[in-house]
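**Q** I have a structure here, written as structure tokens, and I will follow up with some questions on it.
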Amino acid sequence: MYPDEYENIHQTEERGEMVEMEVEIYESADTVRAPGPITDKEDESTKKELHSQHNDGDSAGSRCYRLVAVVLGLLCVLLLTAIILLWFKFAVEIDQLQATNSNLTAERDQLQTSYTNLTTEKDKLQISNTNLTAERDQLQTSYTNLNMKKYQLQKERDDLQKRLSDLKTKIREGWKYFSSSLYYISTEKKSWSESRQDCRERGSDLLIINSIEEQEFINKEFGRTEAWIGLTDAVTEGIWKWMDGSVLTTEFWWTGEPNDYGGDEDCVITGFHNTGFSSSTWADYPCHRSEFWICEKGVTEL
Ligand SMILES: [Ca+2]
Ligand SMILES: [Ca+2]
Ligand SMILES: [Ca+2]
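Going by numbering that gives the first Met the number 0, the sequence shown opens with residue 0, and the numbers climb by one from there.
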């Protein structure tokens with residue numbers, strides 16, 4: 000026998016037993032009623048009893064329903080109350096948030112305005128800084144230039160002070176000052192060459208006459224003294240040259256001079272026949288003659 004067939008047989012047996020039990024129940028009920036005929040009074044009593052039982056059942060259900068309704072109602076009230084409370088709470092929070100938002104917006108606007116103002120101020124300060132930097136650079140350049148100029152002026156001052164000191168020394172030694180030059184006349188006589196050598200040893204050279212004013216100063220200062228000056232035609236006869244190499248342009252020859260007397264006069268003296276009435280006191284002399292001499296030194300050469 001297969002398992003399915005066995006199961007079907009078993010289920011059929013179970014259903015058969017249940018049918019048998021039902022039959023027994025109905026039979027017992029009939030048996031209960033069977034002992035005698037049921038009277039109307041008994042039937043009415045039974046109905047009342049049944050009706051009473053039915054009313055007791057209704058009353059309990061009603062109480063149960065009411066209880067449920069009351070509970071539900073309370074729950075609804077509680078729920079409504081909770082909703083209202085939450086609504087108020089949210090409303091208050093929304094108001095607070097809106098107020099906070101408004102404040103933050105105002106604060107943001109103020110910050111933006113402040114930022115804009117600060118940016119503008121920063122730009123102005125940057126421009127000002129650039130201008131100040133340029134000005135500082137200019138001032139530094141000016142300061143450097145002024146320092147250099149100050150150094151140059153101090154050096155010039157020192158040079159001038161030294162020149163002034165040397166000038167005072169020369170004047171104490173007997174030198175005469177005229178128009179940016181110093182003049183020294185010897186106290187002894189020497190040949191033209193030795194005289195020039197003496198002048199060079201004194202940091203100068205024989206006198207060069209550059210103007211009539213200088214010639215008149217010499218005539219006035221050194222009187223009738225005949226003295227060598229730095230003029231010679233020793234290189235080329237008749238071509239007179241000064242010691243600095245310049246050619247003769249302003250001449251102050253005495254009448255008849257230069258005559259190259261004896262063919263041996265190549266050096267020049269001033270103060271020849273000086274009477275004080277004429278500036279022309281030059282004459283050519285033999286260079287080997289011993290005469291006084293005049294040295295000239297520019298103050299710039301001090
Ligand atoms: Ca001169
Ligand atoms: Ca001559
Ligand atoms: Ca002469």
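Even glycine gets a Cβ: it sits at the ideal position worked out from N, Cα and C.
For Trp227 versus Glu290, is the C-beta spacing smaller than 8 Å?
**A** As a position in the sequence shown, residue 227 is number 228, starting the count at 1. As a position in the sequence shown, residue 290 is number 291, starting the count at 1. Contact: yes.
**Q** Let's test the definition: count the other Cβ atoms within 10 Å of the Cβ of Lys296 and tell me whether it reaches 16, buried, or not, exposed.
**A** The sequence position of residue 296 within the sequence shown is 297, counting from 1. Looking at its Cβ environment, which holds 16 or more other Cβ atoms inside 10 Å, Lys296 is buried.
**Q** Report whether the distance from the Cβ of Glu290 to the nearest heavy atom of ligand 2 is below 7 Å.
**A** Locating residue 290 in the sequence shown gives position 291, counting from the first residue. No.
**Q** Roughly how many whole angstroms lie between the Cα atoms of Val91 and Ala98?
**A** Within the sequence shown, residue 91 is the residue found at index 92, counting from 1. Within the sequence shown, residue 98 is the residue found at index 99, counting from 1. Near 10 Å, if we compare the C-alpha coordinates of Ala98 and Val91.
**Q** Look at the alpha carbon of Glu250 and the alpha carbon of Cys286, and state the distance between them as a whole number of angstroms.
**A** Reading the sequence shown from its first residue, position 251 is the one you call residue 250. Reading the sequence shown from its first residue, position 287 is the one you call residue 286. Using only the alpha carbons, I get a separation of about 19 Å.
**Q** First and last residue of the beta strand (DSSP E) that includes Lys175?
**A** Residue numbering aside, residue 175 sits at position 176 when the sequence shown is read from its first letter. It spans 175-177 - the beta strand (DSSP E) in which Lys175 sits, taken as one unbroken run.
**Q** Please list, in chain order, all residues of the same chain as Ser194 whose beta carbon is under 6 Å from its beta carbon, the five residues on each side excluded.
**A** The residue given as residue 194 occupies position 195 in the sequence shown. Counting only Cβ-Cβ distances below 6 Å, and skipping sequence neighbours, we find Trp227, Trp292.
**Q** Closest by CA to Arg201, which one among Lys169, Phe216, Ser192, Lys219?
**A** Counted from its first residue, the sequence shown places residue 201 at position 202. Among Lys169, Phe216, Ser192, Lys219, the Cα nearest to that of Arg201 belongs to Lys169.
**Q** Does ligand 2 have even one heavy atom less than 7 Å from the beta-carbon of Glu236?
**A** One-based indexing of the sequence shown puts residue 236 at position 237. Yes, Cβ of Glu236 sits closer than 7 Å to a heavy atom of ligand 2.
**Q** Should Glu155 be labelled buried (16 or more other beta-carbon atoms within 10 Å of its own) or exposed?
**A** Taking the first residue of the sequence shown as position 1, residue 155 is located at position 156. Per the 10 Å Cβ criterion, exposed.
**Q** Is Ser180 close to ligand 1? I mean its beta-carbon at under 7 Å from any heavy atom of the ligand.
**A** As a first step, residue 180 is located in the sequence shown; it is residue number 181 there, counting from the start. For ligand 1, at least one heavy atom lies less than 7 Å from the Cβ of Ser180.
**Q** Around the C-beta of Phe271, are 16 or more other C-beta atoms found within 10 angstroms, so that it is buried, or is it exposed?
**A** Sequence index remark: in the sequence shown, residue 271 carries index 272 (1-based). Buried, because 16 or more other Cβ atoms sit within 10 Å of the Cβ of Phe271.
**Q** Could you tell me the alpha carbon to alpha carbon distance between Lys175 and Tyr260, rounded to whole angstroms?
**A** Taking the sequence shown and counting its residues from 1, one reaches residue 175 at position 176. Taking the sequence shown and counting its residues from 1, one reaches residue 260 at position 261. Answer to the nearest angstrom: the Cα atoms are 33 Å apart.
**Q** Please report the residue range of the beta strand (DSSP E) in which Cys294 lies.
**A** As a first step, residue 294 must be located in the sequence shown, where it is residue number 295. Start and end: 291-297.
**Q** Express the C-alpha separation of Tyr182 and Leu166 in angstroms, rounding to a whole number.
**A** Position 167 of the sequence shown holds residue 166. Position 183 of the sequence shown holds residue 182. One C-alpha to the other measures close to 11 Å.
**Q** Taking the continuous alpha helix (DSSP H) assigned at Trp191, which residues delimit it?
**A** Locating residue 191 in the sequence shown gives position 192, where the first residue counts as 1. Segment 191-200, the alpha helix (DSSP H) holding Trp191.
**Q** What's the C-alpha gap between Asp263 and Val234?
**A** Counting from one through the sequence shown, the residue named residue 263 turns up at place 264. Counting from one through the sequence shown, the residue named residue 234 turns up at place 235. In a straight line, the C-alpha of Asp263 is about 12 Å away from that of Val234.
**Q** In the DSSP assignment, find the alpha helix (DSSP H) that holds Ile268 and state where it starts and stops.
**A** Counting from one through the sequence shown, the residue named residue 268 turns up at place 269. Where Ile268 is concerned, there is no enclosing alpha helix (DSSP H), although the beta strand (DSSP E) it sits in stretches over 266-269.
**Q** Return the first residue and the last residue of the beta strand (DSSP E) that Ile228 is part of.
**A** Within the sequence shown, residue 228 is the residue found at index 229, counting from 1. Per DSSP, Ile228 belongs to the beta strand (DSSP E) from 226-231.
**Q** Rounding to the nearest angstrom, what Cα-Cα distance links Phe177 and Ser127 in this structure?
**A** Start at 1 with the first residue of the sequence shown, and residue 177 comes out as number 178. Start at 1 with the first residue of the sequence shown, and residue 127 comes out as number 128. Whole-angstrom Cα-Cα distance: 59 Å.
**Q** So which of Cys75, Ile268, Ile93 has the shortest CA-CA distance to Glu188?
**A** By one-based count along the sequence shown, residue 188 stands at place 189. One point to set straight first is that residue 188 is Lys, not Glu, in the sequence displayed. Looking at the Cα atoms, Ile268 is the closest of the given residues.
**Q** Drop a sphere of 10 angstroms on the beta-carbon of Thr80, count the other beta-carbons inside from all chains shown, and report buried for 16 or more, exposed for fewer.
**A** Within the sequence shown, residue 80 is the residue found at index 81, counting from 1. The residue in question, Thr80, is exposed, as its Cβ has fewer than 16 Cβ neighbours within 10 Å.
**Q** Between the C-alpha atoms of Ser190 and Arg288, what's the straight-line distance to the nearest angstrom?
**A** Position 191 of the sequence shown, counted from the start, is the residue given in the question as residue 190. Position 289 of the sequence shown, counted from the start, is the residue given in the question as residue 288. Roughly 5 Å separates the two Cα atoms.
**Q** Is Glu256 near ligand 2, going by C-beta to nearest heavy atom under 7 Å?
**A** In the sequence shown, residue 256 corresponds to position 257, counting from 1. Outside the cutoff, so no.
**Q** Which residue or residues does DSSP assign as beta-bridge partners of Asp157?
**A** Within the sequence shown, the letter at position 158 stands for residue 157. DSSP, once it has assigned bridges, lists no residue as partnering Asp157.
**Q** Could you tell me if the beta carbon of Glu264 falls within a distance shorter than 7 Å of some heavy atom in ligand 3?
**A** Working through the sequence shown from its first residue, we reach residue 264 at position 265. Yes, since a heavy atom of ligand 3 falls inside the 7 Å radius drawn around the Cβ of Glu264.
**Q** Is the beta carbon of Asp243 within less than 7 Å of some heavy atom of ligand 2?
**A** As a first step, residue 243 must be located in the sequence shown, where it is residue number 244. It does not: the Cβ of Asp243 is nowhere closer than 7 Å to a heavy atom of ligand 2.
**Q** Just jot down, in chain order, the residues whose CB lies closer than 5 Å to any heavy atom of ligand 1.
**A** Working through the chain, the matches are Ile207, Asn209.
**Q** Nearest-angstrom Cα distance between Leu206 and Asp232?
**A** Translated into positions along the sequence shown, residue 206 becomes position 207. Translated into positions along the sequence shown, residue 232 becomes position 233. Near 15 Å, if we compare the C-alpha coordinates of Asp232 and Leu206.
**Q** According to the neighbour-count rule (16 or more other Cβ atoms, all chains shown, within 10 Å of its Cβ), is Asp283 buried or exposed?
**A** Taking the first residue of the sequence shown as position 1, residue 283 is located at position 284. The residue is buried, with at least 16 neighbouring Cβ atoms inside 10 Å.
**Q** Using DSSP with H/G/I as helix, E/B as strand and the rest coil, what is Glu187?
**A** For the purposes of this step, residue 187 is taken as the residue at position 188 of the sequence shown. Looking at Glu187 - three-state DSSP - the assignment turns out to be coil, as it is neither helix nor strand.
**Q** Let me know the secondary structure DSSP gives Val70 once reduced to three states.
**A** Counting from 1 along the sequence shown, the entry for residue 70 is found at position 71. Looking at Val70 - three-state DSSP - the assignment turns out to be helix.
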